[in-house]
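In the numbering used here, the protein residues as written are 663 to 1048. A quick write-up on the structure given underneath.
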Ligand SMILES: Cc1ncc(COP(=O)(O)O)c(C=O)c1O
């Protein structure tokens, strides 16, 4: 039978408690999910603002669907690029104070495209060790040399930058996806300028949340286009839709339009999705749920501190509880499920070996009583699992 040889790999993952399984959601509304006929408070979604089910965004989606159809029908360079896509790009460029923007169907595709299109043999990518897998994978497969620096270690970043050759791309995240802490953007900007490197930020988890108007890490760190030449952000998290963007100079975006294979040879996301995404971003800019999210983060952190819960230092919606072993992390997650709390265990290789964890994510949808229940659950889980 075909692929029988793969069974051994699957079995070995299972033996190491590293096998992945998908969960079927029967229902998913207002921060509560239903799985196997049971309801759980969801503390594992990246829908930080509850925008996935916001009525204005859904309305905008529906209008887009009825006017423009379910799909884009073609890649952007053929007939898949509509005025909805163009309006979203223009709005983002203005809001981020960049000359231009290009949309991708996912952040994964955007990261791959950047590494493939912009760098050649002899060039160097200098990146934080904890960059998201979509970037690391792209960097490994790019013709450039990849030099990684220890997480947020600016001394090491400088050493790596000093070794770099050719065009240099220095990369960090606005908010780290698994640790929830923020990149050292000011220091990286200074180092990048000193070493003649472009600075790129993957702001998947900062966009929509950070900054005075929610435009993310470049807004909160006040980095202009000359200081941070490439901004990548995604719409699948705080924005609540899907897809991604890259913002930068007109020449950068024109070049990507002409050379990024993940853009040219892939069907565009739908015009309806672009329209709904723009509505979501406008809501974010008008304040909306961001304040409730920040309030929830503070509330959770205060309670967790009062109970000495061993969380990593994070001011973001991502609050990691490191357990350090995949079997124990799975047990911890199961224990919380028994209490009606859904918190996924994140294991290696998604996080470094020995740092397996519960990745708690907070949302503006949570009420204080939900967070009370979570903290009570974590205390009980700690007593049981150790
Ligand atoms: C930091 C980071 N970059 C990129 C991505 C990929 O984005 P997308 O889910 O749109 O492919 C993710 C999402 O999982 C992420 O967390």
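Glycine included, C-beta positions come from ideal geometry on N, C-alpha and C. Fair warning: this is a prediction, and the values are worked out from it, not measured in the lab.
What are the boundary residues of the beta strand (DSSP E) that includes residue i?
i: residue 984; result: 980-984
i: residue 766; result: 762-766
i: residue 697; result: 694-697
i: residue 689; result: 689-691
i: residue 862; result: 860-864
i: residue 701; result: 700-704
When DSSP labels each residue in this structure, what does residue i get in the three-state scheme?
i: residue 1017; result: coil
i: residue 896; result: strand
i: residue 910; result: strand
i: residue 811; result: strand
i: residue 835; result: strand
i: residue 952; result: helix
i: residue 888; result: coil
i: residue 794; result: coil
i: residue 729; result: helix
i: residue 1007; result: strand
i: residue 959; result: helix
i: residue 929; result: coil
i: residue 976; result: coil
i: residue 682; result: coil
i: residue 827; result: coil
i: residue 757; result: helix
i: residue 789; result: strand
i: residue 903; result: coil
i: residue 1023; result: strand
Could you check if residue i is buried or exposed, using at least 16 other CB atoms within 10 Å of its CB as the buried criterion?
i: residue 967; result: exposed
i: residue 783; result: exposed
i: residue 729; result: exposed
i: residue 1021; result: buried
i: residue 950; result: buried
i: residue 794; result: buried
i: residue 677; result: exposed
i: residue 845; result: buried
i: residue 666; result: exposed
i: residue 1025; result: buried
i: residue 830; result: buried
i: residue 1014; result: exposed
i: residue 855; result: exposed
i: residue 773; result: buried
i: residue 683; result: exposed
i: residue 688; result: exposed
i: residue 743; result: buried
i: residue 670; result: exposed
i: residue 708; result: buried
i: residue 925; result: buried
What are the boundary residues of the alpha helix (DSSP H) that residue i is part of?
i: residue 1042; result: 1030-1047
i: residue 925; result: 923-926
i: residue 848; result: 847-856
i: residue 882; result: 879-882
i: residue 770; result: 769-780
i: residue 668; result: 668-677
i: residue 995; result: 988-999
In angstroms with no decimal places, state the Cα-to-Cα distance between residue i and residue j.
i: residue 865; j: residue 990; result: 31 angstroms
i: residue 923; j: residue 860; result: 21 angstroms
i: residue 913; j: residue 843; result: 32 angstroms
i: residue 915; j: residue 738; result: 14 angstroms
i: residue 693; j: residue 857; result: 45 angstroms
i: residue 695; j: residue 754; result: 32 angstroms
i: residue 1019; j: residue 741; result: 44 angstroms
i: residue 777; j: residue 828; result: 14 angstroms
i: residue 735; j: residue 929; result: 7 angstroms
i: residue 680; j: residue 945; result: 39 angstroms
i: residue 910; j: residue 877; result: 14 angstroms
i: residue 806; j: residue 891; result: 18 angstroms
i: residue 787; j: residue 1012; result: 21 angstroms
i: residue 992; j: residue 999; result: 11 angstroms
i: residue 897; j: residue 664; result: 38 angstroms
i: residue 904; j: residue 808; result: 28 angstroms
i: residue 962; j: residue 1037; result: 8 angstroms
i: residue 873; j: residue 733; result: 33 angstroms
Going by the C-beta, is residue i closer than 8 angstroms to any heavy atom of ligand 3?
i: residue 771; result: In the structure on display, ligand 3 does not appear, and the ligands it does have are ligand 1.
Does the structure place the segment 750-763 close enough to the segment 969-977 that three or more beta carbon pairs sit under 8 angstroms?
no
Report yes or no: do three or more beta-carbon pairs, one from the segment 717-727 and one from the segment 693-702, lie closer than 8 angstroms?
Flag = no, the segment 717-727 and the segment 693-702 do not touch.
State whether the segment 809-820 contacts the segment 847-862, with contact taken as three or more CB pairs (one from each stretch) at a distance under 8 angstroms.
yes
Flag this pair as touching only if the segment 926-944 and the segment 825-834 have three or more C-beta atom pairs under 8 angstroms; answer yes or no.
no
At a cut of 8 angstroms, does the segment 999-1009 reach the segment 957-965 through at least three beta carbon pairs?
no
Does the segment 880-892 touch the segment 785-792, meaning 3 or more C-beta pairs lie closer than 8 angstroms?
no
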